[in-house]
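Here is the structure we will look at, set down as structure tokens.
Protein chains: 2
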Amino acid sequence: MVTTQAFADRLADAVLSKRSPLVVGLDPFIDRIPLELREQAARDHEDPRAASAAAAQSFFESVLEAVAPYACAVKPQSAFFEGFGPAGCVAWERVVQRAHELDLLVIGDIKRGDIGSTARAYADAHLTGPAACDAVTLNPYMGSDSVLPFLEVADQTSGGAFVLVRTSNPSAAELQDQTLAKGARVHEHVADLVAGWGRERVGTSGFSNVGAVVGATAPAELTALRERLPHAWFLVPGVGAQGASAQDVAPAFDARGLGAVVNSSRGILYAFGDPKTRDWRSPIEQAARDLAAQLRDVSTAQSSPPR
Amino acid sequence: MVTTQAFADRLADAVLSKRSPLVVGLDPFIDRIPLELREQAARDHEDPRAASAAAAQSFFESVLEAVAPYACAVKPQSAFFEGFGPAGCVAWERVVQRAHELDLLVIGDIKRGDIGSTARAYADAHLTGPAACDAVTLNPYMGSDSVLPFLEVADQTSGGAFVLVRTSNPSAAELQDQTLAKGARVHEHVADLVAGWGRERVGTSGFSNVGAVVGATAPAELTALRERLPHAWFLVPGVGAQGASAQDVAPAFDARGLGAVVNSSRGILYAFGDPKTRDWRSPIEQAARDLAAQLRDVSTAQSSPPR
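Chains D and C, in that order, give the protein sequences.
Going by the numbering used here, the letters in the first sequence line up with residues 6 to 312, in that order.
Going by the numbering used here, the letters in the second sequence line up with residues 6 to 312, in that order.
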């Protein structure tokens, strides 16, 4: 997919036109997918992994249609698809393509981090070809060698990246919150690397194509990082199943009410509860609509009065 | 694959029985694969990605046979297979299975790092099922939440993990060599986490199922980390294309001449040079035999006199 507008600007346009910073995470927990879809898939596929992949694909095709009016982007999670084997790879590609047909941006949650020619191979795999994502998540542990090859490919595809900075999980602090001798903490040092990688990649929206993953479960860090990275889009996980509320995300938005997109996965995907129900589409749509409205209120409140 | 012997002990047995700490990295650079294999694959497959996957699979089936007498393990690199799409996933699984048929341990070079249920999904994908690896590489940036789910699965499958500690690439220092306020550097702090994760997982060989990736290109760090992590297997990249020699790996071995397995990818895989040659099998075998002998000499020299 070759477009001319920078990823950061396409994301800004999507947030403004949908009036929603909501990203719906696509995590196929097979046991929670509607039973009717799993039963149909099991009839169609003898191989259990192929059946799971087909059920997930069928489920997400409906999810994408339900959430498209309320979400700026979706974030398929590679781990679950990999577990379905080759059929999972097919399902991943179909989901990415279907999201694009519905005018949803796709952030591939791959959290890759490798170097040189290997990084380039990952970038080619996930930012080019028939199932190119608009952006991917990256791990910074190996430094620039593991990020720049992605950005060089992204520069060609109008793509972007979100680098893990301060994640939402309890053990994030073990490494990311360690204080360095020079004073900054590890995640602040990584934030400075992110700023450097993004410096030459700022679009007309004022945001860079190099964003940061910053969890909603660490509000003090979120506030500090917003100051430290004024040009970075934040991809904010942690709302819902991980314990943070929409209100916790407020510090992620800038004075324009922009600057953050907020992921929810299980809270939307499995809003219907019992997998035996046949009425699962409308609860998903309702959950996406409700969370989008909450996040809109939070981001708007942040933008007025201007800081 | 359920075995009863711990991964760390199976690796020790493999190194001792093959008299070789050599790990052959399986990185399919499609342009360097013998032309005759690519031409055959192009005749068999219309889709270019499927053709590339088939060529890589065919190549590695020969590589595995050539190197099996000289290598304790192989390390397929996920990035390149992912670039081949669904057919790449099929090829990956066949390569893992063929390696096991040839009694080679398989270290899946996936460098994954994610949390909770997602980490569990990655672990299930790569340590269980029809193409289970014996061990995988992991990224520690997100802390215990991203490592323990793998170890819990590995405990069930007699598997293991190698956690990135000090990598071999030039920009590794950007984060990994930062000095913490408490004195240790970031990679030493991670090494201490690795020691903790491995403490309850030490086998009869004296080694733990939780190893460390430590590059050969940073000899001072290698020496210090050997002292710091006496029970960890080191997976050492950086020999060959990345500039380190067999001799540079010497500090990775302990007084028994054990404790490290050394990866070489391009130096062995593409030892034949010109992809147009039809005589490519014997140069691969020769390169594996030579490097295995060099590494054996280095590890043996290290073990005498005992430290």
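Cβ atoms here follow ideal geometry from the backbone N, Cα and C, with glycine treated the same way.
{"query": "Per DSSP, the bridge partner or partners of D314(C)", "result": "Outside the shown range of chain C (6 to 312) lies residue 314(C), about which nothing can therefore be said."}
{"query": "Where W285(D) sits in the DSSP three-state scheme", "result": "coil"}
{"query": "Near-chain A residues of the stretch 76-87 of chain C (beta-carbon distance less than 7 Å), N- to C-terminal order", "result": "Absent here is chain A; the protein component of the structure consists of chains D and C."}
{"query": "Chain D contact for D18(C) (CB, 8 Å cutoff)", "result": "no"}
{"query": "Reference E226(C), options A246(C), N214(C), V195(C), F89(C), closest by Cα", "result": "V195(C)"}
{"query": "C-alpha gap between D129(D) and A140(D), whole angstroms", "result": "12 Å"}
{"query": "Short CB-CB distance (under 8 Å) between D129(C) and chain D", "result": "yes"}
{"query": "Sequence-distant residues of the same chain with beta carbon closer than 6 Å to E290(D), five excluded per side", "result": "A71"}
{"query": "Option in K80(D), S151(D), L180(D) with minimal Cα separation from H192(C)", "result": "L180(D)"}
{"query": "Coarse secondary structure for R103(C), derived from DSSP in three states", "result": "helix"}
{"query": "Residue environment, Y260(D), which counts as buried when at least 16 other CB atoms sit within 10 Å", "result": "It should be pointed out that residue 260(D) corresponds to Ala in this sequence rather than to Tyr. By the 10 Å Cβ count, A260(D) comes out exposed."}
{"query": "Straight-line Cα distance separating A78(D) from V101(D)", "result": "11 Å"}
{"query": "Proximity below 8 Å, CB of W285(D) to CB of P26(D)", "result": "no"}
{"query": "Residues, ordered as in the chain, of the stretch 193-212 of chain D that lie near chain C by beta-carbon distance below 9 Å", "result": "H194, V195, L198"}
{"query": "Proximity to E87(D) [Cα-Cα], best of A60(C), A55(C), T123(C), R99(C)", "result": "T123(C)"}
{"query": "Status (buried if at least 16 other CB within 10 Å, exposed otherwise) for A61(C)", "result": "buried"}
{"query": "Identity of the residues DSSP links to T142(C) by a beta bridge", "result": "F167(C)"}
{"query": "Contacts of V1(C) in chain D (Cβ-Cβ under 8 Å)", "result": "Outside the displayed span of chain C (6 to 312) sits residue 1(C), for which this structure offers no information."}
{"query": "Contacting positions in the stretch 137-150 of chain C - beta carbon closer than 7 Å to chain D", "result": "N144, P145, Y146, M147, G148, S149, D150"}
{"query": "Of the listed residues P235(C), S173(C), V207(C), nearest to V267(C) (C-alpha basis)", "result": "S173(C)"}
{"query": "Where R190(C) falls: helix, strand or coil (DSSP)", "result": "strand"}
{"query": "is_contact[A60(D), chain C] using C-beta, thresh 8 Å", "result": "no"}
{"query": "Residues, ordered as in the chain, of the stretch 156-181 of chain C that lie near chain D by beta-carbon distance below 9 Å", "result": "L169, T172, S173, N174, P175, S176, A177, A178, E179, L180, Q181"}
{"query": "Min CB distance T184(C) to chain D below 8 Å", "result": "yes"}
{"query": "Cβ contact (3+ pairs, closer than 8 Å) linking the stretch 11-27 of chain C and the stretch 42-54 of chain C", "result": "no"}
{"query": "Residue burial classification, K23(C) (beta-carbon count within 10 angstroms, cutoff 16)", "result": "buried"}
{"query": "Beta-carbon spacing of Y75(C), A297(C) below 8 Å", "result": "yes"}
{"query": "Residue from L153(D), L31(D), L230(D), P175(D) with nearest C-alpha to G203(D)", "result": "L153(D)"}
{"query": "Minimum Cβ-Cβ distance from P311(C) to chain D less than 8 Å", "result": "At P311(C), the pLDDT of 47 sits below 50, so the modelled position is not reliable; the number obtained from the coordinates is stated separately. It does not: the Cβ of P311(C) has no partner Cβ on chain D nearer than 8 Å."}
{"query": "Residue-chain proximity (P154(C), chain D), Cβ-Cβ < 8 Å", "result": "no"}
{"query": "CB of Q307(D) within 8 Å of CB of F258(D), strictly", "result": "yes"}
{"query": "Whole-angstrom distance between T133(C) and G164(C), CA atom to CA atom", "result": "9 Å"}
{"query": "Through-space distance from E232(D) to A255(D), alpha-carbon basis", "result": "13 Å"}
{"query": "Amino acids of chain C, ordered along the chain, whose beta-carbon sits closer than 8 Å to that of I112(D)", "result": "What I112(D) touches in chain C: nothing, since even the nearest Cβ is about 14 Å away."}
{"query": "Residue-level contact to chain D via CB, D119(C), 8 Å cutoff", "result": "yes"}
{"query": "Where T222(D) meets chain C, residues with beta-carbon distance less than 7 Å", "result": "The contacting residues do not exist; T222(D) stays about 11 Å from chain C at best."}
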